[in-house]
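First residue of the sequence shown: 61, per the working numbering; consecutive thereafter. For each residue, glycine too, the CB sits at the ideal point set by N, CA and C.
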Amino acid sequence: GVRRDIADRPELNCGSVEYLAPEEYMVRPPMPPTFVFAFDVSYPAIASGLLATAIDSVRSCLDSLPGAERTQVGILTYDSNVHFYNMRADQSSPQMLVIPDATHPYLPQPEDLLVNLQECRHQVDAALDVI
C-alpha cells in the first residue's frame, strides 16, 4: 500500500530535504560560508577565452554570495604550478605565492589565503584583475 499522507511529507517525495535547525540546537555559531575559486591559467585556457569567461562569471556573482558580512573567499590558479593569492586588506596589492612542485604541495600561510569578502573586496577585485 501507499501512505495516505505521502503528498504532505516532502521527505517521502523528494531526494533531499533541508531542515532549518532552531537556535537551541546550535552549540556554537555556524561556520562562515567559504568559497575558493580555482582558475586554469594554462595557455590553452587563456587562448580559448575560458579564463576570461571564468573570471567574469566569478566577478558577477561575488555580490550575491550567501553569508553577507561573514563570507570568506580564496583564489588559486594553476597550470604546471599551483599559485595561491594572499589578499590581506593591509597590503597595497595581492601577493601570488607559487608552489613549484605539484607532487609535494604544501599550504603556505593558511591564515592569509582566505579573506573576508566584505573587508577585502578591493583586494579580491585586484587579484582577479591581475589574473
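| query | result |
| --- | --- |
| Anyone know if the C-beta pair for valine 184 and valine 133 falls short of 7 Å? | yes |
| Taking the continuous beta strand (DSSP E) assigned at asparagine 146, which residues delimit it? | 142-146 |
| For histidine 102, which residues of its own chain have a beta-carbon under 7 Å away from its beta-carbon, when the five flanking residues on both sides are left out? | The identity of residue 102 in the sequence shown is serine, whereas the question assumes histidine. These residues qualify, in order along the chain: Asp139. |
| For a quick check, are the C-beta atoms of proline 279 and threonine 131 less than 7 Å apart? | The question about residue 279 has no answer here: the residues shown for the chain are numbered 61 through 191. |
| Between which residues of its own chain and leucine 192 is the CB-CB distance below 8 Å, once the five residues before and five after are set aside? | Residue coverage of the chain in this structure runs from 61 to 191, which leaves residue 192 outside it and unanswerable. |
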